[in-house]
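J.: As numbered in UniProt numbering, residues 1 to 158 make up the sequence shown, in order.
C-beta: ideal position from N, C-alpha, C; glycine also.
Predicted model only: the values in this text are computed from it and were never measured.
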Amino acid sequence: MDIRSASLDDAAGMSRVLREIIALTGRERPNDAAFITAHYIANPASIRCSIAADEAGNILGFQSLVEAIAGNRYGVPMGWGIIGTHIGPRAHRRGVGTALFAASRAAAMQARLEKIDAYIGADNVSGLRYYEAMGFRTYRETDGIVQKMFVVGRENVA
Ligand SMILES: CC(C)(COP(=O)(O)OP(=O)(O)OC[C@H]1O[C@@H](n2cnc3c(N)ncnc32)[C@H](O)[C@@H]1OP(=O)(O)O)[C@@H](O)C(=O)NCCC(=O)NCCS
1 MDIRSASLDD
11 AAGMSRVLRE
21 IIALTGRERP
31 NDAAFITAHY
41 IANPASIRCS
51 IAADEAGNIL
61 GFQSLVEAIA
71 GNRYGVPMGW
81 GIIGTHIGPR
91 AHRRGVGTAL
101 FAASRAAAMQ
111 ARLEKIDAYI
121 GADNVSGLRY
131 YEAMGFRTYR
141 ETDGIVQKMF
151 VVGRENVA
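Structural data, given as structure tokens:
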């Protein structure tokens with residue numbers, strides 16, 4: 001598995017990953033290349049958007065880490081990062097998310113982020129378990145949403 005920064009050429013492969021996740025979970029969300037380019041690859045607030053690819057170059061999944069900007073829709077304080085993880089169902093539970101978080105965490109340390117927020121549906125068991133396993137802990141629960149935070153630069157995996 002190769003972990004690298006996303007480039008504009010990755011938009012189509014990232015879109016395919018999102019469509020496969022939607023087909024599995026039924027959770028609709030924007031997935032076109034223009035949205036992906038604006039929100040992940042070329043987002044001015046991006047700290048790092050990491051891609052996991054297999055030996056043949058197929059995109060298995062990606063993880064975005066952006067800086068919280070004033071008035072962000074997640075209510076996350078400035079100085080924190082906001083993380084999102086999207087891995088195609090065929091690659092689940094093979095350590096892809098773990099490998100992506102190692103890259104995001106290194107980028108968060110380099111960017112001197114204080115904390116990282118993960119915004120997760122309360123019914124998304126795999127998402128909740130994944131972020132717990134990465135060392136995130138719940139700090140806010142509202143309206144079917146669980147927000148977990150990771151303290152950057154501290155070894156806090158239980
Ligand atoms: C949640 C998600 C990111 C996990 O990625 P992954 O590559 O499968 O995760 P890993 O294989 O690195 O798993 C790391 C650990 O997380 C936990 N975990 C991950 N998926 C789990 C599941 N379905 N059930 C229980 N624990 C799980 C486990 O502790 C796992 O370690 P283990 O396999 O040694 O037990 C992936 O399933 C995904 O992208 N799902 C769709 C989108 C989504 O829900 N995104 C996140 C929330 S917004």
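Can you pull the DSSP bridge partners for residue 151?
T.: 115
J.: Whole angstroms is fine: what's the gap from residue 121's alpha carbon to residue 29's?
T.: 13 angstroms
J.: Starting from residue 105 and walking both ways along the alpha helix (DSSP H), at which residues does that stretch end?
T.: 96-110
J.: Three or more beta-carbon pairs under 8 angstroms between the stretch 22-36 and the stretch 50-58, yes or no?
T.: No: the two stretches stay apart, fewer than three of their Cβ pairs being nearer than 8 angstroms.
J.: Skipping 5 residues on each side, what residues in its chain have a beta carbon closer than 8 angstroms to that of residue 42?
T.: The answer, listed in chain order, is 8.
J.: Please classify residue 67 as buried or exposed, where buried requires at least 16 other C-beta atoms within 10 Å of its C-beta.
T.: buried
J.: Buried or exposed: where does residue 142 fall if 16 or more other Cβ atoms within 10 Å of its Cβ makes it buried?
T.: exposed
J.: Which of helix, strand or coil does DSSP assign to residue 67?
T.: strand
J.: Within the continuous beta strand (DSSP E) that includes residue 12, where are the two ends?
T.: No beta strand (DSSP E) contains residue 12, which is instead part of the alpha helix (DSSP H) from 11-25.
J.: Cα separation between residue 16 and residue 95?
T.: 20 angstroms
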